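Novice: Before we start, here is the structure in question, set down as C-alpha cells.
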Amino acid sequence: MKDLSKLEERINYSFQNKQLIIEALTHKSYKKPYNNERLEFLGDAVLDLIVGEYLYKIFPQSD
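Here it is as C-alpha cells:
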C-alpha cells in the first residue's frame, strides 16, 4: 500500500502524512515495528465511508 494516489483520488482528499494513513489502514495482526491500535478507528472509518458511499450509489432507492 505504498501508493495511496488511487485512494486519495477516490475519496477526493490528499493525505498530508502518508505514513499515518498507511498505519491506520494496516491490520493489527500484520508484523510491524509500531503499534497501530491507536489509529485502527481511522482505518475502519475510511472503509465504512467508502463502502457506505458505494452502497448508497448502487442502491439509491433502498432504506
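Position one of the sequence shown corresponds to residue 26 (the numbering used here), numbered consecutively onward.
Using N, Cα and C, we set each Cβ at its ideal position, and we do this for glycine too.
Here the structure is a predicted model, which is why all the values come from computation and not from measurement.
1) Secondary structure at Glu-33, three-state DSSP: helix, strand or coil?
2) Around the Cβ of Ile-7, are there at least 16 other Cβ atoms within 10 angstroms (buried) or fewer (exposed)?
3) What's the gap between the Cα of Glu-62 and the Cα of Tyr-81?
4) To the nearest whole angstrom, what separates the beta carbons of Leu-64 and Glu-48, a pair I think is in contact under 8 Å?
Specialist: Let me spell this out:
1) Note: Glu-33 maps to helix in three-state DSSP.
2) Outside the modelled stretch of the chain, which goes from 26 to 88, sits residue 7, for which no answer is possible.
3) Roughly 29 Å separates the two Cα atoms.
4) So it is a contact: roughly 5 Å between Cβ atoms.
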